[in-house]
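Below is one structure, written out as C-alpha cells; comments come after it.
In my numbering, the protein residues as written are 11 to 409.
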C-alpha cells in the first residue's frame, strides 16, 4: 500500500498553495472543471490519509480549521470561488427534430430506471412531476416540456400524428443515448458522441450550418461502425465510405444496415463548404438516421462484449451490472472481484467471479457516480471509527 504524506496545512496560505497544486495536477490529467471538486477531495483525503466524508455543504466554516468537515467544505468553497458557473454540468443530451418544417431542439434528460413518457398538451408547461417515483407510481416525463422555445399556443394546435412523431423521435434519441452511455470505455464511441452533439449544434447556429451538421452525422456513423469492426479485432480502412464500412462490419457479424438509411447520411467532404448544398430537412434526416444506426450498432457491441467475457474490472471504478444497478469495484484478486452495491439505505459488499465480469459495463456519468462515491467514503470513515472504538474497548489508551 502506498504510504500517505504528512498533512501540514495550518493556515490559509498553506491551503491555497495545496489547492492550486491539486487543481493544476487534475487539469494536466485532462479532468474537466466540473469533475475536479470531487477528485480534489478524493486526492487530498487519500494522499494524506484523512478519511474525509462529504457532509451537507455549509457556508460557515470554523475559522482556522483545516481538518475534517471544515476541510471538505473549504475544498468545495475554493472551487466555487474560483470557477463559479463553470462548475455547472448539464447531463442532458440534445437532438434535433422537425415540426411543420421548422427545426426544434429537444433535450434528452438523464433517466435512471423507468419513467412514464407522454406527449400531453393538457400538462404542457405545468410544474415538473416528481423525479422519483412515489407510492409505486413511476415519475412522468412530458416530452413536450423538453422542446426548447416552443409555445403553449403552438403546442395546443398539434395533431395526433405530429405528437406521435415527436414521441417516436424522443424514444429514438433516448434509446440511442442509453446504449452509447453503456460503452464509456470505447474511444471511438466517445468521439462519435461528440460528433452527434456537433450535428445538433450546427443546425441551430446563426446562420445555420446544415452541411457541417450532415458531415458530423457522417463522422458519428463512421466511428460507430468502425468501433464495431475494432471490437471484432479487425482493422478498419481510413475513409468515409459508409457502404464499404457497413459491408465489412456485416462480414464480421453486424446485422445488415439498409442502404437507404446509409444514403441519408452519406455525403462528400464538399458539404462542409456548401458544395453540394444541404437543406434543413436533409441535415435532420441524416442526424436521426445516424441515431438509428448508433442505437443498433451499440446494442450489438454490448452484446458481443458480454458474450466474450473479456471485460477487465478496475478497482475504484463504477460499473452498471446486468440488472441496471450501479456498483463500485473495490478490489480485484485473480479471478475474483469485490464489488459494492448501493441500496436505498444499505451498502452491500459482494464477490463476483470473472465469468460474469462481462455483465458489468463501465460508467463515468458524473451526476450518478459523485453521490455514490460520497456515500462510499462516508461508509469507510464510519467503519474506521467503529474499528477504532472496538480497539479502545479492548486495549484502553494510556495517558
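Built from N, CA and C at the ideal position, the CB exists for glycine as well.
- Per DSSP, the continuous alpha helix (DSSP H) segment holding residue 235 begins and ends at 220–241.
- For residue 113, no alpha helix (DSSP H) encloses it; the enclosing beta strand (DSSP E) starts and ends at 112–118.
- Note: residue 108 is bridge-paired with 113 in the DSSP secondary-structure output.
- Under the DSSP definition of a beta bridge, residue 164 lacks any partner.
- When the alpha-carbon of residue 83 is set against those of 93, 244, 303 and 71, the nearest one is in 71.
- In this structure, the CA atom of residue 283 is about 31 Å from the CA atom of residue 306.
- Looking at 101, 385 and 322, the one whose alpha-carbon comes closest to that of residue 372 is 322.
- For residue 100, the secondary structure class from DSSP, reduced to helix, strand or coil, is coil.
- With 16 or more neighbouring CB atoms inside 10 Å of its own CB, residue 160 falls in the buried class.
- Here the alpha carbon of residue 23 sits roughly 11 Å from the alpha carbon of residue 74.
- Sequence-distant Cβ neighbours of residue 388 in its own chain, meaning closer than 8 Å and more than five residues away, are 63 and 64.
- Approximately 6 Å separates the beta-carbon atoms of residue 50 and residue 36; this is inside 8 Å, confirming the contact.
- Sequence-distant partners of residue 382 (beyond 5 residues in either direction) whose C-beta falls short of 8 Å from its own C-beta, in its chain, are 328, 336, 338 and 352.
- Inter-residue distance for residue 348 and residue 367 is about 11 Å (C-alpha atoms, whole angstroms).
- When rounded, the separation of the alpha-carbon atoms in residue 81 and residue 209 is 43 Å.
- Across the set 290, 216 and 229, the C-alpha of 229 shows the shortest separation from the C-alpha of residue 200.
- For residue 57, the enclosing alpha helix (DSSP H) stretches over residues 46–57.
- For the pair residue 271 and residue 244, the CB atoms are not nearer than the 8 Å cut-off.
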